[in-house]
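Student: I have a structure here, written as structure tokens, and I will follow up with some questions on it.
Number of protein chains: 2
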Amino acid sequence: MAQQLNAIGIWVKRRIAVGDDKKEIQQALDEALSDADIVLITGGLGPTADDITKPLLCEYFGGKMITDEKVLQHVTHIFQHILKRPLLERNLKQAEVPDNCRVLMNQKGTAPGMWFEKKGENGTNKIIVSLPGVPHEMKGIVTEKVLPLLQTKQKTSTIIHRTLLTAGAGESFIAERLQNWEADLPETIKLAYLPNYGMVRLRLTGRDRIDSDIERLTEKKFEELQDLVSDLLVIAADAMPEKALGDLLLAKNKTIATAESCTGGYIAHLFTSMAGASGFYKGSVIAYDNSIKTGLLNVSKNLLETKGAVSEETVTAMLNGLLEQTGADYGIAVSGIMGPRGGSEEKPVGTVWVAAGSAQQHVTKSFHFRFDRQRNIQLTAVQAVLLLLQFIRSEP
Amino acid sequence: MAQQLNAIGIWVKRRIAVGDDKKEIQQALDEALSDADIVLITGGLGPTADDITKPLLCEYFGGKMITDEKVLQHVTHIFQHILKRPLLERNLKQAEVPDNCRVLMNQKGTAPGMWFEKKGENGTNKIIVSLPGVPHEMKGIVTEKVLPLLQTKQKTSTIIHRTLLTAGAGESFIAERLQNWEADLPETIKLAYLPNYGMVRLRLTGRDRIDSDIERLTEKKFEELQDLVSDLLVIAADAMPEKALGDLLLAKNKTIATAESCTGGYIAHLFTSMAGASGFYKGSVIAYDNSIKTGLLNVSKNLLETKGAVSEETVTAMLNGLLEQTGADYGIAVSGIMGPRGGSEEKPVGTVWVAAGSAQQHVTKSFHFRFDRQRNIQLTAVQAVLLLLQFIRSEP
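Those protein sequence lines, which keep their order, are chains A and B. For the first sequence, this note's numbering begins at 195 and goes up steadily by one. For the second sequence, this note's numbering begins at 195 and goes up steadily by one.
In structure tokens:
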């Protein structure tokens, strides 16, 4: 929501979450309306007893409930033709709306959105929009109805975000390097340091009047920023390393496969989450159990016994077996101990080996993460992708 | 945070997110302190220019900045011995704290937590705790310092959550069935309907005085609830179907593997995210490209050409190939079109085939999801796991 609102020049001051409690919701509305022009609300519009938002808004804005015929037809259609389930009394109630709101049809569900307007203390119109909490229903109504309606209002400011991702240095180090440049940024442009996964995202936000040259100015500063961190740059977009690697593989017309033990499919998932992954991603062998490492990746039993599953030798053998079995141009192989159990004195929880490269050449790297299982899996995946990205970029 | 606070009897009224803006933060603090006894704050404690929370709190509570020797030693140690990076002036600043706060040491990072107390209008003590935004650092300080300190304060209420997961009916249908029972719930117990992934979670929240029998009462109502939805019950816990399936496989001492095309490793990831997965999960073949389906799962090229990759015959062949290759007792095979591209008139985006079962017997099922790529992947995975769970539960 915030991203879409920013894109049409609307600044998001605050995000509040409260429970399904009448007093809490009313108080949050009072506070929000005291200093915001627009308040978007999600959730509480369903057919069950804990859904109290609709009657609450009706009362709050002094209306009374009426049945909306268009919504009634829509709800009836959904139950009869799509869900093919009996239409219950409580489902028909979904078609009731306060008589003082503008109904926003919900093409993807039964609960309609509701648009209220109210005179503020200073005479300006306040806009309050109530939306269903189901994410794809909310997104549908926001995209099709709310944003176009908000765009008809006078646009007063332009908001631009430009984000890039760096790896290889901490935020203090980067801040030190950027200190003078950052101090010289115009008042209208802010720099945010967003560290995560052992990397640092840098986000420039430009915000100025609609008739300013903030767009051009932010672009110029973003180019300067890219130059200043060029040695650390993963991708000049608000994206993760797998996007950079995917783009690179597509550009080179090469393919990739993964052999995953400890990450258990998470690296494959990162690639296949991206639309168009079939252009570079072939597949993976998730060799969680050692029998899969030997059976499908041709890792020798002897190697597993002498060096252990978490070793440079094993990930190298996994990588070679993977590239042979799948015919992919590049591969990533990982093995490690993600916790909470399975660690030893020699190889504590968080120990990881990664191999990345091609059948001709590859690199290996070990890591020692100190986090919980979920975090260790994510960090291993991200660092493994980075390793292959850097390997390919450094190829002659 | 909310879960941990509830567990020690502290109710969470509200969650607010604001930007790194002085006025916004101050206003949010004012509002929070006007009606809460405890305010926990995260973020804004880092070493970069956008981190403004620490000086702001110092000013807000009328203190002055001093260097904390213990934090200074800790920060120095981290840079010299763990990060092995030069210690910058801005890192030393991490050891500065307002002189009117209690310092909460951060074992996992450089920015310490800060505990302030302030007399409220009605004479009660208000507690304000500032914590780093890095999740594992925040969690460490909350677990080791904040919760134990809060527990020394007088506990006044008991809060109990009991959650179960259902599949196979919509929330309206369940609400209809539970209507009388729900109406008879005592004032102190609330029922929430939480639909997601085509399933419905039901959460009972009991909240009463510390000396009440709310714990026993909530347990009793939770048992009644389980009986009322026994035919729809996936798991009587706040967990997803893979937990139910994992528990079942462990109990039966059986193993599982997955053959994934469209879900691209996500089902494998669901299993391997759980600690102890090695007790039942063997591995997977992520057969994204058809060459992997033929090469590693022995699906015949002729079948792929005549029936297509997204077909009942292909997922059946994938399942058989998988069980043969991995030796797992049970398997799941999925193939589908997740979008945004790749659909046809005959097989539109969202078309999915799933096969689940053993080498002796299996079931197949088709789905037609209507969401975006990410959501289609998640729904396919969840429904595929449910299919195998129901298959095994119905085995003689």
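In this text, a Cβ means the ideal position worked out from N, Cα and C, and glycines have one as well.
So, under 8 Å CB-CB, Ala230 (chain B) and Ala369 (chain A) are touching, yes? Tell me the CB distance rounded to an integer number of Å.
Tutor: Their Cβ separation, rounded to whole angstroms, is 34 Å, which puts Ala230 (chain B) and Ala369 (chain A) out of contact at 8 Å.
Student: Counting only C-beta atoms, is Tyr482 (chain A) closer than 8 Å to chain B at any point?
Tutor: yes
Student: Among A:Ser324, A:Thr318 and A:Val328, which has the Cα closest to the Cα of Arg296 (chain A)?
Tutor: A:Ser324
Student: Tell me whether Gly303 (chain B) is buried or exposed, calling it buried when 16 or more other Cβ atoms sit within 10 Å of its Cβ.
Tutor: buried
Student: Considering Cα atoms alone, identify which of A:Lys264, A:Ile204, A:Ile586 and A:Arg208 is closest to Gly440 (chain A).
Tutor: For the residues A:Lys264, A:Ile204, A:Ile586 and A:Arg208, the minimum Cα distance to Gly440 (chain A) belongs to A:Ile586.
Student: Could you give the C-beta distance for Val233 (chain B) and Ile322 (chain B), rounded to a whole number, given that I count them as a contact under 8 Å?
Tutor: 5 Å
Student: Starting from Leu282 (chain A), follow the alpha helix (DSSP H) in both directions and report where the run begins and ends.
Tutor: Where Leu282 (chain A) is concerned, there is no enclosing alpha helix (DSSP H), given that its DSSP letter is neither H nor E.
Student: Please compile the residues from chain B whose C-beta is within a distance smaller than 7 Å of the C-beta of Asn514 (chain A).
Tutor: Contacts between Asn514 (chain A) and chain B, judged by CB atoms closer than 7 Å, are missing: the closest CB pair is about 16 Å apart.
Student: Say the cut is 7 Å; is the CB of Val291 (chain B) nearer than that to a heavy atom of the ligand COA?
Tutor: As for the ligand COA, it is missing from this structure, which has no ligand bound.
Student: Enumerated in chain order, which unbroken segments of the alpha helix (DSSP H) with a length of 4 residues or greater are wholly contained in the stretch 408 to 470 of chain B?
Tutor: You should have 408 to 422, 435 to 446 and 460 to 466.
Student: Taking beta-carbon pairs under 8 Å, can you tell me which members of the stretch 268 to 296 of chain B lie near chain A?
Tutor: Leu277, Arg279, Leu282, Arg284 and Asn285
Student: Using only CA atoms, which one of B:Asp293, B:Cys456, B:Val265 and B:Gln519 lies nearest to Lys287 (chain B)?
Tutor: Nearest Cα to Lys287 (chain B) within the set B:Asp293, B:Cys456, B:Val265 and B:Gln519: B:Val265.
Student: Terminal residues of the continuous alpha helix (DSSP H) containing Ile368 (chain A)?
Tutor: Glu365 to Ala377
Student: What's the C-alpha gap between Phe561 (chain B) and Lys333 (chain A)?
Tutor: 23 Å
Student: Three-state secondary structure (DSSP) at Ala222 (chain B)?
Tutor: Shown here, Ala222 (chain B) sits in a helix according to DSSP, grouped into three states.
Student: For Glu311 (chain A), does the three-state DSSP call read helix, strand or coil?
Tutor: strand
Student: Using a Cβ cut-off of 8 Å, pull out every chain B residue sitting near Arg567 (chain A), in sequence order please.
Tutor: Ser467 and Ala469
Student: Determine which residues share a DSSP beta bridge with Pro389 (chain B) and list them.
Tutor: Among the bridge pairs identified by DSSP, Pro389 (chain B) is matched with B:Val394.
Student: Determine the burial state of Thr412 (chain A): buried for a count of at least 16 other Cβ atoms within 10 Å of its Cβ, exposed for fewer.
Tutor: buried
Student: Could you tell me which residues DSSP puts in a beta bridge with Asn319 (chain A)?
Tutor: A:Lys313
Student: Does the beta-carbon distance from Ser366 (chain B) to Arg284 (chain A) come in below 8 Å?
Tutor: yes
Student: Kindly indicate which residue of B:Ala522, B:Arg403, B:Ile235 and B:Arg395 has the alpha-carbon position closest to the one of Ile210 (chain B).
Tutor: B:Ile235
Student: Taking only runs that begin and end inside the stretch 497 to 553 of chain B, name each unbroken alpha helix (DSSP H) of 4 or more residues, in chain order.
Tutor: Correct list: 506 to 520.
Student: State the start and end residues of the unbroken alpha helix (DSSP H) segment that holds Met195 (chain A).
Tutor: Per DSSP, Met195 (chain A) belongs to no alpha helix (DSSP H) and is neither H nor E.
Student: What residues are listed by DSSP as bridge partners for Thr360 (chain A)?
Tutor: Beta-bridge annotation (DSSP): Thr360 (chain A) is paired with A:Val394 and A:Leu427.
Student: Among the candidates A:Thr318, A:Leu282, A:Pro326 and A:Gly314, whose CA atom is the shortest distance from the CA of Met299 (chain A)?
Tutor: The closest CA to that of Met299 (chain A), considering only A:Thr318, A:Leu282, A:Pro326 and A:Gly314, is found on A:Pro326.
Student: Within 8 Å of any Cβ in chain A, is that where the Cβ of Gln519 (chain B) sits?
Tutor: yes
Student: Tell me, please, whether the CB atom of Leu234 (chain B) is closer than 8 Å to any CB atom in chain A?
Tutor: no
Student: Give me the chain B residues within the contact set of Tyr475 (chain A), using Cβ-Cβ distance strictly less than 8 Å, ordered along the chain.
Tutor: Gly458, Tyr482 and Asp483
Student: Please identify, using Cβ separations under 9 Å, the residues of the stretch 240 to 253 of chain A that lie next to chain B, in order along the chain.
Tutor: For the stretch 240 to 253 of chain A, the set of positions with a beta-carbon nearer than 9 Å to some beta-carbon of chain B reads Gly240, Pro241, Thr242, Ala243, Asp244 and Asp245 in chain order.
Student: What does His463 (chain B) reach in chain A if we use C-beta pairs closer than 7 Å?
Tutor: Gly458, Gly459, Tyr460 and His463
Student: Where DSSP assigns a beta bridge to Val479 (chain B), which residues make up the other side?
Tutor: A:Val479 and B:Ala453
Student: Of the residues that make up the stretch 385 to 408 of chain B, which ones have a beta carbon closer than 8 Å to any beta carbon in chain A?
Tutor: Leu385, Ala386, Tyr387 and Pro389
Student: Leu490 (chain B) versus chain A: which residues are under 9 Å apart at the beta carbon?
Tutor: Gly477, Val479, Leu490, Gln519 and Thr520
Student: Let's test the definition: count the other Cβ atoms within 10 Å of the Cβ of Asn514 (chain B) and tell me whether it reaches 16, buried, or not, exposed.
Tutor: Label assigned to Asn514 (chain B): buried.
Student: So which residues on chain B does Pro534 (chain A) lean against when the C-beta distance must stay under 7 Å?
Tutor: Chain B residues near Pro534 (chain A): Ala469.
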